[in-house]
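Structure first, then comments.
In structure tokens form, the structure reads like this:
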């Protein structure tokens, strides 16, 4: 049995290698390496998802949000400093708003804890609601003019301009922020059934996107920020192939480190406990495991990985475009990677990510060719007038294919191409 | 009094309109949950599908409406309901039933429903493109303007024909659903299955029929909601995730598995949205004339800017999960 699965893995991975080599030789190495870097970033995100779904059975439908947070933080840390903003009194004004916000939050927090000091419960809740509403409205009213001045006079606040070799600090901070957001969502939803987590993550992803899109003073909104500096030498200095190869090596190092840590974790008592919780919650509760706390832990860790992967992806693309984060590319594509590759198996996630990403990039020209064919035949045989936006519709057709793959894999191969190995201790 | 009229137009009427849409969506979600035990993520896309079906039928028979004095799309809606019910039952048979037979975890069904969402989205955009369309093809939207009986206001209360039809449909739908659930054999079987599926099965209830009728009810309601929403605004193919969150939030506010709760939840979420986006500064305007310079109330005072509307259902959801996870009407806890 063991040999069989090993043979299967070797076959699959060598097939993947052949596919990569084929694309490199046909499309050129610069294109091939770009595709590999993006696939590697997706692998990092897929590893985060395989932790959440594969190890713990948590349904995260808002991967997009964590990717966007990571991308935003990496932009904030590495983008050059905006002198117009820092050499005016706007930072001071913004600081005042932050200070007032801190005071407001402190008042609300004190009120929330005031039951300890003898505040009657009946009085506390209405008071809390009223005070929160007032504080919120006041904050909005003092933030609004400041942000408007920033937008009109300086554009946006710019980045912190960290030097080239330390650009990745933004990635770590992005991961940490993604983890913090995940902590709050998980804290509310993980005690309930997993459907709630799916709904809440879907919601938070849309909210993060709406915020990044509309907070022009912070992110420049739909105007987008580019070019983002890389943590390795840029293509203008050393050429496309070398720069991308250097970037790829950085990501591969990250993946290797993550992979070994995850493998260790998966085969440790912690990993066994996670699988026990996933497969039988009640018996793990009976064994005295703190199910909700462990789930929260794995949810946060997975989201941190997604944040880092998202930061790496955004930095590589060189442009921070909040409207460019769409559920299909940044949530459901990763779901397909993980369930097709094999949930709960780190190699499966990496294989799935690279394989599905290659199919995904190749499907764009293929879809266009097929639709051209349909248009020609339709015009010839039925004198059918094709709509003008047929090309954009061709790309929409890929949405259908992704949906079909999800349902088919769930039905016919629920364990994926490289299934999770279940150790039998007799 | 102009301010009051403004308030009625912007809050009472808009809130009731969007609340009715959410309520019709939430009834379907809550019924599917109580019978099949999973959250149906493809629900918002059934709405788009229903509206799109109506659109296709309307372009095919553009003269059906004027003959009896109603919008064509509204006349075509029952036909679209039948088609969408067939589609919904078919989707259940091909995609959800095999998974149910394998006894998978409910969360796998949720994931399959996301797969269905993507498929429906892909198909709708493939055939309809991504632009928005008007459901009125030959006829035009009627707008009724009511003047208040006293002379104080110059503005009028405006209400459109689709909005009136929407209120009518919601009332008919809720009353007939109530009669169906309490008076008919199949409705009682549905309630029995929602309480205890195994017991219902051994008591000889035809569970397949119950599942099918659940999908039919859900599809009819989403078609009606989608069509009337598109009649009132425009047919947009990208409704999906933006309307899904308010629907789920309405379902949970009302208590999952509780059809009457879903109606209440829909209106709670709808009115909260419009109240939060409403500019309260308008109501202060007459007060400001009598107040001294230093005590002027702000002219622009909305709780949430319109572009952050999507946050409102989310915060309602979070609040209800923290304070009362069973919902207002003590539904099931997922």
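Chains as they are written, first to last, in the numbering used here: chain A, -18 to 407; chain B, 545 to 878. C-beta atoms are modelled at their ideal positions from N, C-alpha and C, and glycine is treated no differently.
Provide the residue span of the alpha helix (DSSP H) that contains residue 745 of chain B, from first to last. In the second chain, counting from the first residue as 1, residue 745 of chain B sits at position 201. Run containing residue 745 of chain B: 741 to 746, per the alpha helix (DSSP H) assignment.
In this structure, what does DSSP give as the bridge partners for residue 139 of chain A? Along the first chain, one-based indexing puts residue 139 of chain A at 158. A/62, per the DSSP bridge assignment.
Quick one: any contact between the stretch 282 to 298 of chain A and the stretch 186 to 202 of chain A, if contact means 3 or more CB pairs under 8 Å? no
Do you know offhand how far residue 721 of chain B's Cα is from residue 829 of chain B's? Working through the second chain from its first residue, we reach residue 721 of chain B at position 177. Working through the second chain from its first residue, we reach residue 829 of chain B at position 285. In a straight line, the C-alpha of residue 721 of chain B is about 44 Å away from that of residue 829 of chain B.
Restricting to Cα atoms, I'd like to know which of A/121, A/213, A/392 and A/251 is closest to residue 652 of chain B. For the purposes of this step, residue 652 of chain B is identified with residue 108 of the second chain, where counting begins at 1. The shortest C-alpha separation from residue 652 of chain B is found at A/392.
Using a Cβ cut-off of 9 Å, pull out every chain B residue sitting near residue -11 of chain A, in sequence order please. Numbered from 1 along the first chain, position 8 holds the residue referred to as residue -11 of chain A. Those do not exist, as residue -11 of chain A stays about 23 Å from chain B at its closest Cβ, beyond 9 Å.
If you count every other CB in all the chains shown that lies within 10 Å of the CB of residue 878 of chain B, and 16 or more means buried, which is it? As a position in the second chain, residue 878 of chain B is number 334, starting the count at 1. Only weak support exists for where residue 878 of chain B lies, its pLDDT of 44 falling under 50; the value from the coordinates is given anyway. By the 10 Å Cβ count, residue 878 of chain B comes out buried.
Along the chain, where does the beta strand (DSSP E) that runs through residue 688 of chain B open and close? To locate residue 688 of chain B, count along the second chain from 1; it is residue 144. Looking at the DSSP string, the run of the beta strand (DSSP E) that includes residue 688 of chain B is 687 to 690.
Of the residues that make up the stretch 164 to 191 of chain A, which ones have a beta carbon closer than 8 Å to any beta carbon in chain B? 169, 170, 173, 174, 175, 176, 177, 179, 180, 181, 183, 184, 185, 187, 188 and 191
Nearest residue (CA-CA) to residue 326 of chain A, options A/336, A/-8 and A/398: Position 345 of the first chain, counted from the first residue, corresponds to residue 326 of chain A. Considering only alpha carbons, the answer is A/398.
For the candidate residues B/864, B/871, B/860 and B/549, whose alpha-carbon lies nearest to that of residue 691 of chain B? Translated into the one-based positions of the second chain, residue 691 of chain B becomes position 147. Answer by Cα proximity: B/549.
Can you say whether residue -18 of chain A is buried or exposed, counting buried as having 16 or more other CB atoms within 10 angstroms of its CB? For this step, residue -18 of chain A is matched to residue 1 along the first chain. Here residue -18 of chain A scores only 48 on pLDDT, less than 50, and its place in the model is too uncertain to base an answer on.
By the 8 Å beta-carbon criterion, what residues does the stretch 647 to 661 of chain B contribute toward chain A? Here the close residues are 648, 649, 650, 651, 652, 654, 655, 656, 658, 659, 660 and 661.
Could you give the DSSP three-state label for residue 557 of chain B: helix, strand or coil? Stepping through the second chain from its first residue, residue 557 of chain B is reached at position 13. Note: residue 557 of chain B maps to helix in three-state DSSP.
Mark residue 224 of chain A as exposed unless 16 or more other C-beta atoms lie within 10 angstroms of its C-beta, in which case mark it buried. As a working note, residue 224 of chain A is residue 243 in the first chain. Residue 224 of chain A comes out buried.
I need the straight-line Cα distance from residue 582 of chain B to residue 741 of chain B, nearest angstrom please. For the purposes of this step, residue 582 of chain B is taken as the residue at position 38 of the second chain. For the purposes of this step, residue 741 of chain B is taken as the residue at position 197 of the second chain. So the two alpha carbons sit approximately 14 Å from each other.
By alpha-carbon positions, which one of B/755, B/712, B/593 and B/814 ends up nearest to residue 560 of chain B? Residue numbering aside, residue 560 of chain B sits at position 16 when the second chain is read from its first letter. Nearest option by C-alpha distance: B/814.
Using a C-beta to C-beta distance shorter than 8 Å, which residues of chain B count as neighbours of residue 368 of chain A? Residue mapping note: residue 368 of chain A aligns to position 387 of the first chain, counting from 1. The contacting residues are 673.
Chain B within 8 Å of residue 373 of chain A, Cβ atoms only: If you number the first chain from 1, residue 373 of chain A lands on position 392. Closer than 8 Å: yes.
Is the CB of residue 143 of chain A under 8 Å away from at least one CB in chain B? Here residue 143 of chain A refers to the residue found at position 162 when the first chain is read from its first residue. So no, residue 143 of chain A is outside the interface.
Extent of the continuous beta strand (DSSP E) to which residue 703 of chain B belongs: In the second chain, residue 703 of chain B corresponds to position 159, counting from 1. Run containing residue 703 of chain B: 701 to 704, per the beta strand (DSSP E) assignment.
Cβ of residue 669 of chain B less than 8 Å from any chain A Cβ? Indexing the second chain from 1 puts residue 669 of chain B at position 125. Interface flag for residue 669 of chain B against chain A is set, since a Cβ pair is found closer than 8 Å.
Whole angstroms are fine: how far does the CA of residue 736 of chain B sit from the CA of residue 723 of chain B? Looking up residue 723 of chain B in the second chain gives position 179. Looking up residue 736 of chain B in the second chain gives position 192. About 16 Å.
When the Cβ atoms of the stretch 269 to 277 of chain A are set against those of the stretch 170 to 182 of chain A, are three or more pairs found closer than 8 Å? Because the criterion of three Cβ pairs below 8 Å is met, the stretch 269 to 277 of chain A and the stretch 170 to 182 of chain A touch.
Using beta carbons (cut-off 8 Å, strictly below), is residue 877 of chain B in contact with chain A? In the second chain, the residue the question calls residue 877 of chain B occupies position 333. Interpretation of residue 877 of chain B is limited by its pLDDT of 49, a score under 50 that renders its predicted location unreliable; the figure taken from the coordinates is listed afterwards. So, interface residue.
For residue 635 of chain B, I'd like the list of residues in its chain whose CB is within less than 7 Å of its CB, leaving aside the five on either flank, ordered along the chain. The count along the second chain starts at 1 and reaches residue 635 of chain B at position 91. Excluding residues within five positions, the ones whose Cβ falls inside 7 Å are 660.
Considering only their Cβ atoms, is the gap separating residue 227 of chain A from residue 238 of chain A smaller than 8 Å? Numbered from its first residue, the first chain carries residue 238 of chain A at position 257. Numbered from its first residue, the first chain carries residue 227 of chain A at position 246. Their beta carbons are not under 8 Å apart, which means residue 238 of chain A does not touch residue 227 of chain A by this criterion.
Would you give the residue range spanned by the alpha helix (DSSP H) that residue 292 of chain A belongs to? As a working note, residue 292 of chain A is residue 311 in the first chain. Start and end: 272 to 298.
Residue of A/264, A/113, A/176 and A/142 minimising C-alpha distance to residue 38 of chain A: As a working mapping, residue 38 of chain A is identified with position 57 in the first chain. Residue 38 of chain A has its Cα closest to that of A/176, out of A/264, A/113, A/176 and A/142.
Along the chain, where does the alpha helix (DSSP H) that runs through residue 356 of chain A open and close? Stepping through the first chain from its first residue, residue 356 of chain A is reached at position 375. Counting along the chain, the alpha helix (DSSP H) containing residue 356 of chain A begins and ends at 327 to 363.
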